[in-house]
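Take 932 as the starting number for the sequence shown in the numbering used here and just add one per residue. Working notes for the structure below.
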Amino acid sequence: MEQKIAEILAELCGVEPEEIEPELNLFEEGLLDSFAVIQLVLALEEAFGVSLNMASLPREHIAALIREKKA
């Protein structure tokens, strides 16, 4: 699941999936903005078949949140 999330983030950020590391702050690096977060939520919902609340999306917990929604 983490690999798929990294692939989605990489596509949105215009980088290679290998460059998406857990400690990377995508906002501080200028790779994500508020519009990209909306795109990210939509892409994650489509990829994993879940409905996500944008307010509950701290980046480090995305995979856990998706697992919880799918259970």
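Note that CB positions come from ideal geometry on N, CA and C, so glycine has one too.
Leu943 CB to nearest heavy atom of the ligand NAD below 7 Å: Only the bare structure without any ligand can be found here, which leaves the ligand NAD out of the picture.
Buried or exposed (CB count within 10 angstroms, at least 16 for buried), Ile969: Classification for Ile969: exposed.
First through last residue of the alpha helix (DSSP H) which encompasses Glu933: 933-944 is the span of the alpha helix (DSSP H), which, as asked, contains Glu933.
Extent of the continuous alpha helix (DSSP H) to which Phe979 belongs: Taken as a continuous stretch (DSSP letters only), the alpha helix (DSSP H) holding Phe979 covers 965-979.
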